[in-house]
Ligand SMILES: C[S@@+](CC[C@H](N)C(=O)[O-])C[C@H]1O[C@@H](n2cnc3c(N)ncnc32)[C@H](O)[C@@H]1O
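Numbering (the working numbering), first residue to last: 162 to 646.
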């Protein structure tokens, strides 16, 4: 299936560039107030300002979602013919002339066409090709920026992840089950002058036997909608089977040292830990894994969210069937998050954690930092000889209670913790011994000397004290509170 011949798609890309329509155009041309109002879906200022010039036409069609006259559209899309734009579905006839048949969004400088019309939700066809949504943005932000010669985007949809990878890797492969999705990905590659290898098929089947340096996937991870489902979000597997399949296949898809990053939903089954469920999907050897849960919804909120997404909020039978399925399977919630897997030698190391707060962007730095910390030599002898420094932006916070007991000293600190202003913005409880140790972490004294001094102060045996402190110091280094050297 092809939406436009590649030569015509290139002309569409040219028309877009000539019109000047891009992410910054609204603000630059129509002013920050009109752009800010449009961000909040108040288009009055924009409608008043948009003329029949090419930028005005593209803005009316793809930002506001209203019609433009045929004559103005013909000029705005040249050198693509108006007939070509109508034939492929980019434009549709409407009472005011022509309206957008596809959506157009931006990922950085890249223009990305899809079925996602401006200002609409629901009312989609079964083979609807998603535009750039919240999950797409999260993965765009999280995908590692360097170190990949070959990259794979599984379930590419309109191609947004693959296009981002094309700027960083030498060869990018993108797969999808949907012919229409691949047609959009091909069109978007042409429009942006990028080269993608596009393969059609179910999940891993089109890349069987191949390995990559970086694999990303924003897969159809929704816990199956009862009924016919939606290709863009239901992967045709039971429960969270799509994530389980990707996790199990991860090391077989990666070159040594390569990384796979995918978004997923996982079940919270009553009486079990979600982390154990995710860990159970992974190979026993060869994977270093960081799974981060960003949110968890109870079944009712989950069903409501996805019914709203597909415009099925009124379908009470579907909601009932879906909720019954959750009950029958003892599901009390659904987690959403990101799984990062690096291929390593030896037994798998798996860390599953919740991070619901806003971390310092971009996520790609957080992921790179996490793997770097795990790959550093943090053996007891190494830390013993290293000079540790408190990381920038780490502060010690205290909570105190006022004691009025006779003989008390007034405010009594009952809790102390370290707080990061940067990176993952973790908080970590610390005790007075550790506070004393951290107070001397200025990057000059070796840990060995610090521990000897502390041992003298507390009348402890140095080796015993280090044995007690080592796992805590190691954790603080791994979590970015302390840096080496
Ligand atoms: C949530 S969309 C992601 C689109 C895009 N990668 C992004 O980040 O916005 C999931 C994509 O997976 C595709 N898909 C659905 N079932 C699939 C399957 N069994 N195998 C491969 N791709 C599938 C859908 O057609 C859709 O394009």
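A virtual CB, placed ideally from N, CA and C, is assigned to each residue, including glycine.
The three-state secondary structure of residue 224, taken from DSSP, is helix. Relative to ligand 1, the beta carbon of residue 318 is positioned inside 7 angstroms of a heavy atom. Of the candidates 338, 387, 317, the residue whose Cα lies closest to the Cα of residue 366 is 338. Boundaries around residue 513 are those of the beta strand (DSSP E), 510-515, since no alpha helix (DSSP H) includes it. Within the segment 265-334, the runs of beta strand (DSSP E) that reach at least 3 residues and sit entirely inside it are, in chain order, 271-275, 311-315.
Secondary structure note for residue 163: it is in no beta strand (DSSP E), with a DSSP letter that is neither H nor E. Comparing C-alpha distances from residue 233 to each of 211, 174, 249 shows the shortest one belongs to 211. Not a single heavy atom of ligand 1 lies less than 7 angstroms from the C-beta of residue 470. A distance criterion of 7 angstroms places the beta-carbon of residue 349 beyond contact range of ligand 1, judged by its closest non-hydrogen atom. Bounds of the alpha helix (DSSP H) holding residue 525 are 524-536. Taken in chain order, the unbroken stretches of alpha helix (DSSP H) that lie wholly in the segment 564-619 and span 4 residues or more are 593-599, 608-619. When the alpha-carbon of residue 325 is set against those of 400, 375, 220, 488, the nearest one is in 375. Ranking 554, 551, 576, 556 by CA distance to the CA of residue 563 puts 576 first.
For ligand 1, no non-hydrogen atom lies closer than 7 angstroms to the CB of residue 582.
Contact between the segment 466-475 and the segment 528-547 is absent: fewer than 3 CB-CB pairs across the two stretches fall below 8 angstroms.
In the DSSP annotation of this structure, residue 378 is not part of any alpha helix (DSSP H); the continuous beta strand (DSSP E) holding it starts and ends at 373-378. Residue 643 holds the alpha-carbon nearest to the alpha-carbon of residue 604 among 643, 235, 405, 584. For residue 402, the enclosing alpha helix (DSSP H) starts and ends at 402-414. DSSP places residue 180 in the helix class (H, G or I) of the three-state scheme.
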